[in-house]
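A.B. asks: In UniProt numbering, the protein residues as written are 1 to 326. Dropping a structure here in structure tokens format, bear with me for questions.
Following this line, the structure appears as structure tokens:
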């Protein structure tokens, strides 16, 4: 591991103190009672199971650490199934950044979808039913993944913005203020002249809890203290504007080779299984068609667990489950 690296891709989880941010990436120091604590899931073995098994390609370690130190997002491109979305879980696991927030993007996604929701109809309905003044507006606002990630906290929050290339072409430019300045405003709170209000926040999709997490917002404005660690993923289906690209550290994931695939199968299923399916791992690595690693894992699992040692049947499993994606 290079001395300046914070993240290695191989260490056990540890709370690491990040070096000071560059002056141009330093944000407002909040009052102590404004700091939001996202909690911890470090003891949840099921949550981090995939992160522990993830094999971080050595070629991208420098870029990951540059993004951490410079407080810049990572833009991860590459073919489907190369582990783009899984990368952030490995980083959050090793650096103890807490549960990962996820914002899945589609063609209808807008910036506001990632910041917050306001249930105006629900508030009007409750006001009508009560026959009195308007209820507390905070009950009808919920911060979404990006909005929650920008809450002031002592350590960066991990945020995955998945498949950005599927978004409306305007979304990358719409994100620029949040990426550069680390804040956003909620007009509904400012119109109500709310000095301070408690709102619900987003939680990780994989963390099941009965408790509703909340945070306090002052003056209708959310301003980060430590910029979140953001990973954008893209299947490289279209280009992004230069203004967006210059705010990101860019990496491209390649399809894993024979050695990396063997490590992935070993991490998920054990060395015995990896040895049993080594022929198919090599065949998969040498295949020039577009396939995803999880296809190989599915085939390896059936060959190891179901196949009774018949080579023909094993080959049928492999051929069935590793059909090209394009």
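The C-beta atom is built at its ideal place from N, Cα and C for all residues, glycine as well.
Where residue 214 and residue 64 are concerned, what is the direct C-alpha to C-alpha distance, given to the nearest angstrom?
C.D. replies: Distance from the CA atom of residue 214 to the CA atom of residue 64, rounded to whole angstroms, is 30 Å.
A.B. asks: Quick check: the stretch 156-172 against the stretch 228-246, are there 3 or more CB pairs under 8 Å?
C.D. replies: Using a C-beta cut-off of 8 Å, the stretch 156-172 makes contact with the stretch 228-246, since at least three inter-stretch Cβ pairs fall below that distance.
A.B. asks: Could you check the C-alpha separation between residue 183 and residue 80 for me, to the nearest Å?
C.D. replies: 32 Å
A.B. asks: Cβ atoms of residue 216 and residue 196: under 7 Å apart, would you say?
C.D. replies: Closer than 7 Å, so yes.
A.B. asks: Tell me, which residues are paired with residue 330 by DSSP?
C.D. replies: Past the boundaries of the shown model lies residue 330; the chain is included only from 1 to 326, so the question cannot be answered.
A.B. asks: Among the residues of its own chain, which have a CB less than 7 Å from the CB of residue 257, if the five just before and after it don't count?
C.D. replies: Excluding positions up to five away in sequence, the list reads 285.
A.B. asks: Would you kindly check if the distance between the Cβ of residue 100 and the Cβ of residue 160 is under 7 Å?
C.D. replies: Cβ atoms of residue 160 and residue 100: closer than 7 Å.
A.B. asks: Rounded to whole angstroms, how far is the Cβ of residue 138 from the Cβ of residue 201, which I believe are closer than 8 Å?
C.D. replies: 11 Å between Cβ atoms; not a contact.
A.B. asks: May I have the straight-line CA-CA distance separating residue 263 from residue 66, to the nearest angstrom?
C.D. replies: 26 Å
A.B. asks: With a 10 Å radius around its C-beta and 16 neighbouring C-beta atoms as the bar for buried, classify residue 311 as buried or exposed.
C.D. replies: exposed
A.B. asks: Between the Cα of residue 141 and the Cα atoms of 175, 189 and 110, which residue gives the shortest distance?
C.D. replies: 189
A.B. asks: Is the Cβ-Cβ distance between residue 154 and residue 35 less than 7 Å?
C.D. replies: Yes, the pair counts as a contact, with Cβ atoms nearer than the cut-off.
A.B. asks: Looking only at its chain, what residues have a beta carbon closer than 6 Å to the beta carbon of residue 129, apart from the 5 residues adjacent to it on each side?
C.D. replies: none
A.B. asks: Since I believe residue 244 is in contact with residue 175 (beta carbons under 8 Å), could you give me their beta-carbon distance rounded to a whole number of angstroms?
C.D. replies: Contact between residue 175 and residue 244 holds, since their C-beta atoms are separated by about 7 Å, short of 8 Å.
A.B. asks: Label residue 3 either buried or exposed according to how many other C-beta atoms from any shown protein chain fall within 10 Å of its C-beta, with 16 as the threshold for buried.
C.D. replies: That one is exposed.
A.B. asks: Buried or exposed, going by whether 16 or more other CB atoms sit within 10 Å of the CB of residue 15?
C.D. replies: exposed
A.B. asks: If you compare alpha carbons, which of 289, 147, 293 and 297 is closest to residue 276?
C.D. replies: Looking at the Cα atoms, 297 is the closest of the given residues.
A.B. asks: Spatial neighbours of residue 318 within its chain, please: C-beta separation below 6 Å, excluding the five flanking residues on both sides.
C.D. replies: Only 280 and 299 meet the Cβ criterion.
A.B. asks: Quick check: the stretch 112-132 against the stretch 81-91, are there 3 or more CB pairs under 8 Å?
C.D. replies: no
A.B. asks: Could you give the residue range of the alpha helix (DSSP H) that holds residue 280?
C.D. replies: 278-286
A.B. asks: Might you give, ordered along the chain, the residues of its own chain that have their beta carbon closer than 8 Å to the beta carbon of residue 12, omitting 5 neighbours on each side?
C.D. replies: 94
A.B. asks: Enumerate in chain order the residues of its own chain whose CB-to-CB distance from residue 225 is below 8 Å, with the five nearest sequence positions on each side excluded.
C.D. replies: 27, 28, 29, 30, 35, 152, 153 and 154
A.B. asks: Return the first residue and the last residue of the beta strand (DSSP E) that residue 162 is part of.
C.D. replies: 158-162
A.B. asks: For the stretch 91-157, list the beta strand (DSSP E) runs that are entirely contained and at least 3 residues long, ordered along the chain.
C.D. replies: 101-104, 116-118 and 141-143
A.B. asks: With DSSP run on the structure shown, which of helix, strand or coil describes residue 233?
C.D. replies: strand
A.B. asks: Can you check whether the CB of residue 53 is closer than 7 Å to the CB of residue 268?
C.D. replies: yes
A.B. asks: Going along the chain, which residues of its own chain have a beta-carbon closer than 8 Å to the beta-carbon of residue 241, five neighbours each way excluded?
C.D. replies: 172 and 173
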